[in-house]
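Comments concern the structure below.
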Amino acid sequence: MSDTKNTFDFNQIPARATDYFKKSFVFDVKSGFITAIVALPLAIGFAIASGVEPYMGIYTAIVAGFFGSLLGGSRFSITGPTGAMGVVVLSAVTKYGLEGLFLATLLAGVIQILLGIFKVGKIAKFMPLPIIAGFTSGIGLLIVAGQIPNALGLTIPVHEYVFQTLYDIYQHMDSISLVAILITIGTAIIMLFLPRFTKDRKYISSVPPTIVALILSAVLIYFGGFEIPTIGTLPQTLPSFSLFKINFDLARNVFPYAISLTLLGTIESLMCAVVCDGMTATKHNSDRELIAQGITKMITPFFGGLPSTAAVSRSVVNIREGAKSRASGMMHSGFMLLFVIFFGSLAIYLPKAFVAGILICIGARMVNYKELRLIWGNNKTEAAIFIITMLLTVLTDLILAMEVGILLTMVNFLYDMTKTTSIETVEEHDSDDRINEIMKLNEQYKDKLAIYTINGPFFFGAMNVFDQKVNAILPTKKKVIIIRMRFVPYVDTTAISRLNGFIESRNREKRYVILTSLRPVVKKHLFRNETFEKHVRQKDVFLFESTEHAVEFAKNELFPLIDKHEPKQITVSEEKTDPAENEIEPKL
Numbered sequence: 001m002s003d004t005k006n007t008f009d010f011n012q013i014p015a016r017a018t019d020y021f022k023k024s025f026v027f028d029v030k031s032g033f034i035t036a037i038v039a040l041p042l043a044i045g046f047a048i049a050s051g052v053e054p055y056m057g058i059y060t061a062i063v064a065g066f067f068g069s070l071l072g073g074s075r076f077s078i079t080g081p082t083g084a085m086g087v088v089v090l091s092a093v094t095k096y097g098l099e100g101l102f103l104a105t106l107l108a109g110v111i112q113i114l115l116g117i118f119k120v121g122k123i124a125k126f127m128p129l130p131i132i133a134g135f136t137s138g139i140g141l142l143i144v145a146g147q148i149p150n151a152l153g154l155t156i157p158v159h160e161y162v163f164q165t166l167y168d169i170y171q172h173m174d175s176i177s178l179v180a181i182l183i184t185i186g187t188a189i190i191m192l193f194l195p196r197f198t199k200d201r202k203y204i205s206s207v208p209p210t211i212v213a214l215i216l217s218a219v220l221i222y223f224g225g226f227e228i229p230t231i232g233t234l235p236q237t238l239p240s241f242s243l244f245k246i247n248f249d250l251a252r253n254v255f256p257y258a259i260s261l262t263l264l265g266t267i268e269s270l271m272c273a274v275v276c277d278g279m280t281a282t283k284h285n286s287d288r289e290l291i292a293q294g295i296t297k298m299i300t301p302f303f304g305g306l307p308s309t310a311a312v313s314r315s316v317v318n319i320r321e322g323a324k325s326r327a328s329g330m331m332h333s334g335f336m337l338l339f340v341i342f343f344g345s346l347a348i349y350l351p352k353a354f355v356a357g358i359l360i361c362i363g364a365r366m367v368n369y370k371e372l373r374l375i376w377g378n379n380k381t382e383a384a385i386f387i388i389t390m391l392l393t394v395l396t397d398l399i400l401a402m403e404v405g406i407l408l409t410m411v412n413f414l415y416d417m418t419k420t421t422s423i424e425t426v427e428e429h430d431s432d433d434r435i436n437e438i439m440k441l442n443e444q445y446k447d448k449l450a451i452y453t454i455n456g457p458f459f460f461g462a463m464n465v466f467d468q469k470v471n472a473i474l475p476t477k478k479k480v481i482i483i484r485m486r487f488v489p490y491v492d493t494t495a496i497s498r499l500n501g502f503i504e505s506r507n508r509e510k511r512y513v514i515l516t517s518l519r520p521v522v523k524k525h526l527f528r529n530e531t532f533e534k535h536v537r538q539k540d541v542f543l544f545e546s547t548e549h550a551v552e553f554a555k556n557e558l559f560p561l562i563d564k565h566e567p568k569q570i571t572v573s574e575e576k577t578d579p580a581e582n583e584i585e586p587k588l
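Once you know that position 326 of the sequence shown is 326 in the UniProt record's numbering, the rest is easy, because the numbers rise by one and skip nothing.
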């Protein structure tokens, strides 16, 4: 009997096609059409914000939108240029030109494919909120600042840094256009308030506010004859395939930009996929999504496109308009291509001030005021990391902002971790502890025995606490030191080295060290250290599964030796030197 479980039945194609056209086709056409209408001005705007020609944004939306929907791990995500990517693009183009941008995009695609292949998509979910929120807010402020010249009707060079743009605006104050300002404000008002007035009206609630603003702006320029900067005529042709040189020296220079594009693309794409899952009760494939986004990044440069990623705004529109399958995203690309072919020449009447109005609204929404307020109320240090990351994003560059944000978060995490580790005497640990009761009933224990409990991870950050407690023991005459480690989930190399030094020092002082209640994973790490394993083998340190047994051993074996002042000659039947032998949870 042949196994047909994983084979595709081609006889089902006609039935599936018929079922699709009956149930889903009309919905996908409608959602694809509306999404294309929304995506068109955004693609133009993000290209302008990136310092490149508007048609590059449209070509990106067409090519990346098609392949992202065809191959992606989320059926409803719409791929295209975004504001966050645009900030990186602007910096890369300013320094290394289009050739450097295309090469950085290609490298980012390769890296993102590798992330998907090695199934590391989940790692992006561990990026701390203060960094993501601060980074996104900084990008939003950059988008707003970058559109101020267009909002004022000025034609000035594109700059990488905000202060350069602001200085140029100051130099051209006498050329400000009142018409451009009014168009920008009008577009922003339509973007913000039109949906509120139309949400309860059946036939006009689906009309995108961007299209209303686009038509009104174009009509004003056409009939008013105002001379303000416009987008200009768009190429009314298909995106053409063309090769570009791969310069290895240039590749080395743009590699940091490739890393930034990869990080942004990964975070935005997976975030978008999660949003789509929540709206459609589906589950995306993170690794497939990363591979698909990597492939689109490798394809778009050969069609003169920009780096792309799945975008939440367009994907939400796609779902709300009734998309049933990934075909809606591919149709969105087809409709955009038709718009360019038939209406590209009319872009000469589309003012850049209209684009500025859209992007200023988008940028302002990217500034996470609510997140900052919540983080500030919860943790002032994390709020400071948010603000520092945001300011560095605006004032320096994205790469430095991300690096500093991650570094500060790691330092803050390590500092917080050091506060979670404590070392207590048996009296401090728990007054109702059974070992505490035993200590109280036997007066001789107080003079000869010290019991300490380590709570929390035993790592380099906890060494100061460990040293303080150790120094408290040294002046005493207590010869037996028991360290309880049942609450230690992790031990690092620094802690093991310090523990070895502690054992050696106590042995020179003719004292005895006993470790109890080691967790299997901790015991395994300890025995991987040759010095520690040697100490156990030579009876420099003793191990017990329970502290109660260790106390009994000290009473019967060690105290008599201490009283006689004899050297160590001890046989411990309960000691286990093989960590694999102790695979149970530690006892008392």
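From the three backbone atoms N, C-alpha and C, an ideal C-beta is built for every residue, glycine too.
Check your understanding: Hey, out of 217, 549, 113 and 504, whose CA is closest to residue 531's CA?
Key -> Proximity to residue 531 across 217, 549, 113 and 504 peaks at 504, based on C-alpha coordinates.
Point to revise | residue 268 classed as buried or exposed, judged by whether at least 16 other C-beta atoms fall within 10 angstroms | key: Looking at its Cβ environment, which holds 16 or more other Cβ atoms inside 10 Å, residue 268 is buried.
Check your understanding: Leaving out the 5 sequence neighbours to the left and right, which residues in its chain are closer than 8 Å to residue 364 when beta-carbon positions are compared?
Key -> In the same chain as residue 364, and ignoring 5 residues on each side of it, the C-beta atoms closer than 8 Å to its own belong to 140 and 144, in chain order.
Point to revise | DSSP state of residue 335 mapped onto helix, strand, coil | key: Note: residue 335 maps to helix in three-state DSSP.
Point to revise | Under the three-state DSSP convention, the category residue 358 falls into | key: DSSP places residue 358 in helix when its eight states are reduced to three.
**Study point:** DSSP-derived helix/strand/coil call for residue 179
**Key:** Note: residue 179 maps to helix in three-state DSSP.
**Study point:** Per-residue DSSP class, three states only, for residue 74
**Key:** Here residue 74 sits in coil by DSSP.
Practice item. Output the boundary residues of the alpha helix (DSSP H) element that contains residue 471. Key: It spans 463 to 473 - the alpha helix (DSSP H) in which residue 471 sits, taken as one unbroken run.
Review point. Three or more beta-carbon pairs under 8 Å between the stretch 177 to 192 and the stretch 221 to 230, yes or no?
Key: At 8 Å Cβ cutoff, the stretches touch.
Review point. What residue from 466, 487 and 479 has the CA that sits closest to residue 496's CA?
Key: Per the Cα distances, 466.
Check your understanding: By Cβ distance, which residues of its chain are closer than 6 Å to residue 461, with the 5 residues on each side in sequence left out?
Key -> Once the five neighbours on either side are set aside, the close Cβ partners of residue 461 are 414, 417 and 418.
Check your understanding: Is the stretch 45 to 56 in contact with the stretch 282 to 289, if contact means three or more CB pairs nearer than 8 Å?
Key -> Segments in contact, no.
Exercise for review: Can you say whether residue 46 is buried or exposed, counting buried as having 16 or more other CB atoms within 10 angstroms of its CB?
Suggested key: Flag for residue 46 reads buried.
Exercise for review: Per DSSP, which residues does residue 594 bridge with? Please list them.
Suggested key: In the structure displayed, the chain extends from 1 to 588; residue 594 sits before or after that span and is not available.
Review point. What does DSSP give as the partner residues of residue 627 in its beta bridges?
Key: This structure gives no information on residue 627, because the portion of the chain shown stretches from 1 to 588.
Point to revise | residue 309 - containing beta strand (DSSP E), residue span | key: Where residue 309 is concerned, the enclosing beta strand (DSSP E) stretches over 309 to 311.
Practice item. For residue 107, collect the residues of the same chain with a Cβ closer than 6 Å to its Cβ; drop the 5 residues on either side in sequence, then sort them by chain order. Key: Result list for residue 107: 258, in chain order.
Check your understanding: Just the Cα atoms here: how many angstroms apart are residue 14 and residue 331?
Key -> Straight-line spacing of the CA atoms in residue 14 and residue 331 works out to 21 Å.
Review point. For residue 382, does the count of other Cβ atoms within 10 angstroms reach 16, so buried, or fall short, so exposed?
Key: Note on residue 382: 16 or more other CB atoms within 10 angstroms of its CB, so buried under the neighbour-count rule.
**Study point:** For residue 351, three-class secondary structure by DSSP
**Key:** Look at residue 351 here: in three-state DSSP terms it is strand.
Point to revise | Length-filtered (3 minimum) beta strand (DSSP E) runs lying within the stretch 246 to 323 | key: Correct list: 309 to 311.
Exercise for review: State the CB to CB distance for the pair residue 345 and residue 236, rounded to an integer number of angstroms; the pair is presumed to be in contact (CB under 8 Å).
Suggested key: That belief holds up - the Cβ atoms of residue 345 and residue 236 are roughly 6 Å apart, short of 8 Å.
Point to revise | Proximity of residue 317 and residue 34 at Cβ, strictly below 9 Å | key: Taking 9 Å as the cut-off, the beta carbon of residue 317 is found closer than this to the beta carbon of residue 34.
Review point. Under a Cβ-count criterion, where at least 16 other Cβ atoms within 10 Å of its own Cβ denotes burial, should residue 18 be classed as buried or exposed?
Key: Burial call: exposed.
**Study point:** Sequence-distant residues of its chain with Cβ nearer than 6 Å to residue 16 (five each side left out)
**Key:** There are no such residues.
Point to revise | Opposing strand residues paired with residue 450 [DSSP bridges] | key: Its beta-bridge partners are 481.
Check your understanding: So is residue 590 buried or exposed if we call it buried at 16+ other beta carbons inside 10 Å?
Key -> Residue 590 lies beyond the stretch modelled for the chain, which goes from 1 to 588, so this question has no answer here.
**Study point:** Best match in 298, 426 and 226 for proximity to residue 349 [C-alpha to C-alpha]
**Key:** Out of 298, 426 and 226, 226 has the C-alpha closest to the C-alpha of residue 349.
Review point. Three-state secondary structure (DSSP) at residue 82?
Key: When secondary structure is reduced to three states using DSSP, residue 82 falls in the coil class, being assigned neither helix nor strand.
Review point. Apart from the five residues on each side of it in sequence, which residues of its chain come closer than 6 Å, Cβ to Cβ, to residue 389?
Key: Around residue 389: 131, 134, 135, 401 and 405.
Practice item. Quick one: using the 10 Å Cβ neighbour count with 16 as the cut-off for buried, is residue 457 buried or exposed? Key: That one is buried.
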